[in-house]
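Notes follow once the structure below has been shown.
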Amino acid sequence: MRWTNSYIPTLREDPAEAELISHKLLMRGGYIRKVTAGVYNYLPLMQRVLLKITRIVREEMDKAGALEITMPVLHPAELWQASGRWDVVGKEQMRFKDRHGRDLCLGGTHEEVITDLVKGELKSYRQFPKNLYQIQVKFRDEIRPRFGLIRGREFIMKDAYSFDVDEDGLDKSYNKMVDAYFKVFDRCGFNVRKVEGDTGAMGGTGAHEFMVIVDTQGGEGVIYYCDKCDYAATDERAEFYESSNDTKIEPLKEKELVHTPNAKTIAEVTAFLNTPSKKLIKTLLYLVDGEPVAALIRGDRMINEIKLKNYLKANELELADADTIMRLTGAEVGFTGPCGLKNIRLVVDTEIYGMRNFITGANKTNYHFINVNHPRDFTFEDIIDIKMAEEGERCPRCKQGILKSDRGIEVGNTFKLGTKYSQAIGAKFIDKDGKEKPIVMGSYGIGITRTAQAAVERFHDKNGIIWPKPIAPYGIHIIYTNSSDKNQVETAFDIYNELKEKGIEVLIDDRDERAGVKFKDADLIGIPLRIVVGERGLKDKTAEIKIRKSGENIKIPLAEIVPNALKIYEEIC
Ligand SMILES: [Zn+2]
Numbered sequence: 001m002r003w004t005n006s007y008i009p010t011l012r013e014d015p016a017e018a019e020l021i022s023h024k025l026l027m028r029g030g031y032i033r034k035v036t037a038g039v040y041n042y043l044p045l046m047q048r049v050l051l052k053i054t055r056i057v058r059e060e061m062d063k064a065g066a067l068e069i070t071m072p073v074l075h076p077a078e079l080w081q082a083s084g085r086w087d088v089v090g091k092e093q094m095r096f097k098d099r100h101g102r103d104l105c106l107g108g109t110h111e112e113v114i115t116d117l118v119k120g121e122l123k124s125y126r127q128f129p130k131n132l133y134q135i136q137v138k139f140r141d142e143i144r145p146r147f148g149l150i151r152g153r154e155f156i157m158k159d160a161y162s163f164d165v166d167e168d169g170l171d172k173s174y175n176k177m178v179d180a181y182f183k184v185f186d187r188c189g190f191n192v193r194k195v196e197g198d199t200g201a202m203g204g205t206g207a208h209e210f211m212v213i214v215d216t217q218g219g220e221g222v223i224y225y226c227d228k229c230d231y232a233a234t235d236e237r238a239e240f241y242e243s244s245n246d247t248k249i250e251p252l253k254e255k256e257l258v259h260t261p262n263a264k265t266i267a268e269v270t271a272f273l274n275t276p277s278k279k280l281i282k283t284l285l286y287l288v289d290g291e292p293v294a295a296l297i298r299g300d301r302m303i304n305e306i307k308l309k310n311y312l313k314a315n316e317l318e319l320a321d322a323d324t325i326m327r328l329t330g331a332e333v334g335f336t337g338p339c340g341l342k343n344i345r346l347v348v349d350t351e352i353y354g355m356r357n358f359i360t361g362a363n364k365t366n367y368h369f370i371n372v373n374h375p376r377d378f379t380f381e382d383i384i385d386i387k388m389a390e391e392g393e394r395c396p397r398c399k400q401g402i403l404k405s406d407r408g409i410e411v412g413n414t415f416k417l418g419t420k421y422s423q424a425i426g427a428k429f430i431d432k433d434g435k436e437k438p439i440v441m442g443s444y445g446i447g448i449t450r451t452a453q454a455a456v457e458r459f460h461d462k463n464g465i466i467w468p469k470p471i472a473p474y475g476i477h478i479i480y481t482n483s484s485d486k487n488q489v490e491t492a493f494d495i496y497n498e499l500k501e502k503g504i505e506v507l508i509d510d511r512d513e514r515a516g517v518k519f520k521d522a523d524l525i526g527i528p529l530r531i532v533v534g535e536r537g538l539k540d541k542t543a544e545i546k547i548r549k550s551g552e553n554i555k556i557p558l559a560e561i562v563p564n565a566l567k568i569y570e571e572i573c
């Protein structure tokens, strides 16, 4: 491909709205352009990357026995109402009415449509197992679209759905998909870490996420993993072994009301009372689907709202505002505590169970209680882990290892759905024993556009992208430094034609631009191997090969440039 025949509008400056380096580089490299918040055009270079990822995904899905189909983007509300998710998914679903006033939505996932498809079609145990997949555009009305393709409102996904007669069958189908996922990402050129994930609105009995680990702040998610065993989970789900429950129990002291003027935050209270934050209990007041709920965690911990939301089976959960807190507790923000709270459900973190003589807000402005104890001073029924995991805590599985954390980008997920959708939508089959049973399902996603950007977040330097070879838009990038030098141009095109004949995807920068501009753009767009035909080289009958990944420059006699370039491309890039 000649650069002048392609469409590669590179930019010198970082676009203002881009936060992640990968987002900046894809914009500057002429790969993507924003249409509106969270919606992008994929330009020719990007399209080539996406097609390569898609091809790898398709080949591995086919090898795993999955069958490709295409389902509609437009879904009727009735299907989502039948599964019960119309009310659960909420505002992230793009909804509207057609000209007849019927409710419709744009699909963010296709469990409902596919369950309705197989309902009545897969009706005998003899027809199982089956796995159907598609590669298609999806929509999610993110409250704050950002990070380019990482958190867009419109994106391309591969979604597969498995159908089995029982849980054993599901386990087999699930493991097959997990194996296929490792192959997909390995072929794309990077390692992924499989971690336990949250089932969220998907429902079901188990889930994993596949994360690309990135060393920048570009990871949109945090994962925790054990340094001794194979425990790994997303921060939404990660737990730790609560060793504080091993410590000896203090004798109970008398509860006391103490004046703590203007001490509202944990830091202010601990400084005022000269006590570690571990002795405090934070009481966070939420409105959960409109009802007040107080969540209690240790003062040095962070609340995990996903765990809280899942436990309460809530659709909407938000922190109460100052007015609501005043109305419900009679005190300003910062003085809420469990003692004497009326008509408010208390959800207590497991770590609090073993605590004695702790400090809480007194529900009275500028006052706290010290030496609070349960069940003497307050009681509760809901005790559950609702805190964030932390680095340095002990592994919940082996109890020996220490939790470490990494930042990553989720590129794939797998869910054991069980019979949630088949039961709701009535997809049943007749089993061997002649009994009618709901189909046992799994669902499996890979973000195609996400994977492309995750690769950039993982592989880049200060000058630009460093594509892994299998998904690079072109394999070799040829540059000549002076377009008015006929000899240079001819030599470069000879190399170009010869490489093309060998089946290599080649881009030649035939613009009438300064060498510096061409070099900068070449680093930016990140093709694995570059061949430079320049004035000085031609004098001693050489050209230069540059390996993008290592930055290494190698001078090679012109007569041997093609075989050498091919060898380096195959073996090193
Ligand atoms: Zn462990």
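For the sequence shown, this note's numbering gives the first residue as 1, with consecutive numbering after it.
In this text, a Cβ means the ideal position worked out from N, Cα and C, and glycines have one as well.
From a predicted model like this one, the values you see are computed outputs, not experimental measurements.
CA-CA distance, residue 167 and residue 34? 44 Å
Using the C-alpha atoms, what's the distance from residue 92 back to residue 146? 14 Å
Among 58, 78, 14, which one has its Cα closest to the Cα of residue 69? 58
Can you tell me whether DSSP reads residue 483 as helix, strand or coil? coil
Mind checking which residues open and close the beta strand (DSSP E) that includes residue 40? 39-42
Comparing the CB of residue 228 with every heavy atom of ligand 1, is any distance shorter than 7 Å? yes
For the beta strand (DSSP E) holding residue 259, just list the boundary residues, first then last. 256-259
Taking 7 Å as the cut-off, is the beta-carbon of residue 28 closer than that to any non-hydrogen atom of ligand 1? no
CA nearest to the CA of residue 385, picked from 427, 541, 308, 340: 308
Contained beta strand (DSSP E) runs [length at least 3] in the segment 107-168, N- to C-terminal order: 130-139, 154-164
Output the distance between the C-alpha atoms of residue 422 and residue 401, rounded to the nearest integer angstrom. 40 Å
Does the distance between the C-beta of residue 397 and the nearest non-hydrogen atom of ligand 1 fall short of 7 Å? yes
Please work out which residues of its chain come closer than 8 Å, Cβ to Cβ, to residue 170, disregarding the five sequence neighbours upstream and downstream, and give them in chain order. 162, 164, 416, 418, 440, 441, 442
Check for me: the beta strand (DSSP E) holding residue 36 runs from which residue to which? 32-36
To the nearest angstrom, how far is it from the Cα of residue 527 to the Cα of residue 554? 16 Å
For residue 102, the nearest candidate out of 365, 75, 125 (CA to CA): 75
Should residue 401 be counted as a contact of ligand 1 given a C-beta to heavy atom distance under 7 Å? yes
For residue 12, the nearest candidate out of 283, 27, 3 (CA to CA): 27
Restricting to Cα atoms, I'd like to know which of 272, 128, 85, 209 is closest to residue 424. 85
C-alpha distance - residue 429 paired with residue 403, whole-angstrom precision: 44 Å
CB-CB under 6 Å to residue 207, same chain, minus the five flanking residues each way: which ones, in chain order? 197, 199, 415
Are there 16 or more other CB atoms within 10 angstroms of the CB of residue 105, so buried, or fewer, so exposed? buried
Note down the Cα distance separating residue 473 from residue 325, rounded to an integer number of angstroms. 55 Å
Going by beta-carbon coordinates alone, are residue 471 and residue 455 separated by less than 8 Å? yes
Boundaries (first-last residue) of the beta strand (DSSP E) holding residue 7: Here residue 7 belongs to no beta strand (DSSP E), and DSSP marks it neither H nor E.
Please give me, in chain order, every unbroken run of the alpha helix (DSSP H) with length at least 4 that falls completely inside the segment 39-72. 44-63
Would residue 257 be called buried (16 or more neighbouring beta carbons within 10 Å of its own) or exposed? exposed
Within its chain, find whatever has a CB closer than 6 Å to the CB of residue 334; leave out the 5 residues flanking it on each side and keep chain order. 264
What is the DSSP secondary structure of residue 20, counted as helix, strand or coil? coil
Quick check on DSSP: helix, strand or coil for residue 365? coil
Quick one: is the Cβ of residue 231 within less than 7 Å of any heavy atom of ligand 1? yes
Length at least 3, wholly inside the segment 424-467: the beta strand (DSSP E) runs in chain order: 428-430, 436-438, 440-447
Residue 187 in three-state terms, based on DSSP: helix
Work out the CA separation of residue 353 and residue 98 for me, nearest whole Å. 53 Å
Would you mind reading off the limits of the beta strand (DSSP E) that contains residue 519? Segment 515-525 is the alpha helix (DSSP H) holding residue 519; no beta strand (DSSP E) there.
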